[in-house]
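*Asks:* Handing you this structure, nothing more for now.
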Amino acid sequence: MSIIFTYFWRLCLLRADPLQLPIRHVVFLSALCVYGLVALTAGLVNYPGRTVSQVVLVLVTGITIQMLLLYGILVFKNVRQHFSQAMSALLGTSAMMTIILLPVNLILLRSDIEWLRVAADSMTWVWLAWWLLIGGNILAKVARLSLGQGAILIFLTELLSTLASLHWVEGL
Numbered sequence: 004m005s006i007i008f009t010y011f012w013r014l015c016l017l018r019a020d021p022l023q024l025p026i027r028h029v030v031f032l033s034a035l036c037v038y039g040l041v042a043l044t045a046g047l048v049n050y051p052g053r054t055v056s057q058v059v060l061v062l063v064t065g066i067t068i069q070m071l072l073l074y075g076i077l078v079f080k081n082v083r084q085h086f087s088q089a090m091s092a093l094l095g096t097s098a099m100m101t102i103i104l105l106p107v108n109l110i111l112l113r114s115d116i117e118w119l120r121v122a123a124d125s126m127t128w129v130w131l132a133w134w135l136l137i138g139g140n141i142l143a144k145v146a147r148l149s150l151g152q153g154a155i156l157i158f159l160t161e162l163l164s165t166l167a168s169l170h171w172v173e174g175l
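Per our numbering: the sequence shown = residues 4 to 175.
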């Protein structure tokens, strides 16, 4: 387990190659399950007014859109055989980054101390930049893009999946 944790942490530090992940369904499904549990927990903590079914709907919608867009990018770049590796890498690093962001979000939601909220808000922007670098790096290596192109595509993918997910929840 520590080998897997270390590998995903190295991906977060831009020191590992997502193509080193084995192309196996068990790796992808494990990353999906871990991310799902982490994101579900974070969603329930960050949005206490939402039901479990609403948070699950947001997660399923977001992950589905991200998977479809990633697959489309990889097909366009003629490297669709790396889908499992790319998606596993994105899910694993997303789980780690969500865990890192959770205490920051708790400060934003529950602190009455203004300077602490400002510091937490600033940390959120640093986290976003870090996530764009991680995701951009994964896409750059898997789809043979530049880091900038990968980061832009990750940003657009996150934006579209977030907007669509929130649209579904608001419609309930």
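Think of the CB as a built atom: it goes at the ideal place given N, C-alpha and C, for glycine as much as any other residue. Quick caveat, the model's predicted, so the values are computed rather than measured.
Measuring only the C-alpha atoms, how far is residue 126 from residue 107?
*Replies:* Locating residue 126 in the sequence shown gives position 123, where the first residue counts as 1. Locating residue 107 in the sequence shown gives position 104, where the first residue counts as 1. Residue 126 and residue 107: Cα-Cα distance of roughly 7 Å.
*Asks:* If distances are taken between C-alpha atoms only, which option among 105, 146, 131 and 151 comes closest to residue 162?
*Replies:* For the purposes of this step, residue 162 is identified with residue 159 of the sequence shown, where counting begins at 1. The option with the nearest alpha carbon to residue 162 is 131.
*Asks:* Could you check what DSSP says for residue 26 in three-state terms: helix, strand or coil?
*Replies:* In the sequence shown, counting from the first residue as 1, residue 26 sits at position 23. Coil, per DSSP.
*Asks:* Quick check on DSSP: helix, strand or coil for residue 115?
*Replies:* Within the sequence shown, residue 115 is the residue found at index 112, counting from 1. Three-state result, residue 115: coil.
*Asks:* Since residue 170 is in the alpha helix (DSSP H), which residue starts that stretch and which ends it?
*Replies:* Indexing the sequence shown from 1 puts residue 170 at position 167. Segment 150-173, the alpha helix (DSSP H) holding residue 170.
*Asks:* Determine the direct distance from the alpha carbon of residue 57 to that of residue 172, and round the result to whole angstroms.
*Replies:* Indexing the sequence shown from 1 puts residue 172 at position 169. Indexing the sequence shown from 1 puts residue 57 at position 54. Residue 172 and residue 57: Cα-Cα distance of roughly 6 Å.
*Asks:* Should residue 137 and residue 96 be called a contact, given that it needs their Cβ atoms to be closer than 9 Å?
*Replies:* Your numbering for residue 137 matches position 134 in the sequence shown. Your numbering for residue 96 matches position 93 in the sequence shown. In this structure, residue 96 lies closer than 9 Å to residue 137 by Cβ.
*Asks:* Among the candidates 11, 10, 17 and 7, whose CA atom is the shortest distance from the CA of residue 139?
*Replies:* Counted from its first residue, the sequence shown places residue 139 at position 136. Measuring from the Cα of residue 139, the nearest candidate turns out to be 17.
*Asks:* Helix, strand or coil, according to DSSP, for residue 132 in the structure here?
*Replies:* For the purposes of this step, residue 132 is taken as the residue at position 129 of the sequence shown. In this structure, residue 132 counts as helix in the three-state DSSP scheme.
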